[in-house]
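Undergrad:
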Amino acid sequence: MHFSDDVEFSPRRQPFSLYSRCVLPTQVATNEGVFLLVAIIGTIAFATSGVLAAAEAGLDWLGATVLAVVVSIGGGTLRDILIGNFPVTWVRDEWPVVVALCTVVVGLAVLRLPIHIDPRNQLWYLASDAVGLGAFVVLGTSIALESGTSSFIAIFMGVITGVGGGVIRDLFTGRTPMVFVGQVYAVAGLLGAIVYVGLRETSASEPLRVWIPVAVVVILRALAIRFDLHLPRTGSTHPRD
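This is the structure in structure tokens:
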């Protein structure tokens, strides 16, 4: 991402937090607006997956709230700790927590509507999770790069940002995390992060650099779900004698 010379950019500040303060020139503000939108979409998506997972697990409203918030901020918190980005994002800018809480309120209300959305229907859960994964992978990779890490490390920080919240969600609800059971999950995030880093070296506009890798992750997850694609498991698939 290119910032004009008259804008002071701190590597310890998230890209979209500058935009929220409305201090940027038009072009830079437009770029920051893209990241802000991605961050909001990712937060809503992961919070939704948390609400659905909580409903399926039979948690009460407090459990659903805690789970949705933790899912939304978990991966980013781990990333910030690893790259030394303090205070962590949601402490410095509380809006991710606010967005997650609003999503919980809406989600719990929708689940009580007469249309009866069944939380056991994995389609809603997997779809929201895929969108959250794609958004947070790109966001995490960008934040790591802006904080001065190498592209190699930034890619892994993006994957950690994307999968971290989902791992916490699955563990809290008694599921085996998808990333550990052969799901094309972390691999989808890894490819999305690589695509994003590659596109940063091109002349493509910032929106294209952001949305293309998000789409790559979501499409890969959709294909993996549709065709039941899995990574090879370790060890023998046959029982021991």
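In this text, residue positions in the sequence shown follow my numbering: the first is 165, and each later residue adds one.
Glycine included, each C-beta is placed from N, C-alpha and C at the ideal position.
On a predicted model such as this, the values are computed, not experimentally measured, just so you know.
1. Taking the C-alpha atoms as reference points, what is the distance between Ala-273 and Ala-299?
2. Comparing C-alpha positions only, which one of Phe-250, Ala-386, Leu-335 sits nearest to Val-235?
3. If distances are taken between C-alpha atoms only, which option among Arg-333, Gly-362, Trp-254, Leu-200 comes closest to Leu-309?
4. Express the C-alpha separation of Ala-264 and Val-378 in angstroms, rounding to a whole number.
5. Looking at the unbroken alpha helix (DSSP H) that takes in Ser-292, where does it start and where does it end?
6. Hey, could you find the ends of the alpha helix (DSSP H) Phe-320 is sitting in?
7. Relative to the C-alpha of Gly-222, which candidate in Val-348, Gly-238, Leu-275 has its C-alpha closest?
8. To the nearest angstrom, report how far apart Arg-316 and Pro-278 are at their CA atoms.
9. Note down the Cα distance separating Pro-251 from Ala-368, rounded to an integer number of angstroms.
10. Rounded to a whole number of angstroms, what is the C-alpha to C-alpha distance between Pro-396 and Val-345?
11. The alpha helix (DSSP H) with Arg-385 in it runs from where to where?
12. With distances taken Cα to Cα, identify the nearest neighbour of Ser-408 among Ala-357, Ser-213, Ala-219, Arg-339.
13. Does DSSP put Pro-189 in a helix, in a strand, or in coil?
TA: Answer, in terms of the structure:
1. 25 angstroms
2. Leu-335
3. Gly-362
4. 20 angstroms
5. 286-310
6. 315-336
7. Leu-275
8. According to the sequence displayed, residue 316 carries Phe and not Arg. If you take the alpha carbons of Phe-316 and Pro-278, they lie about 49 angstroms apart.
9. 32 angstroms
10. 9 angstroms
11. 370-390
12. The question about residue 408 has no answer here: the residues shown for the chain are numbered 165 through 405.
13. Bear in mind that the predicted position of Pro-189 carries a pLDDT of just 40, short of 50, making it too unreliable to give a figure here.
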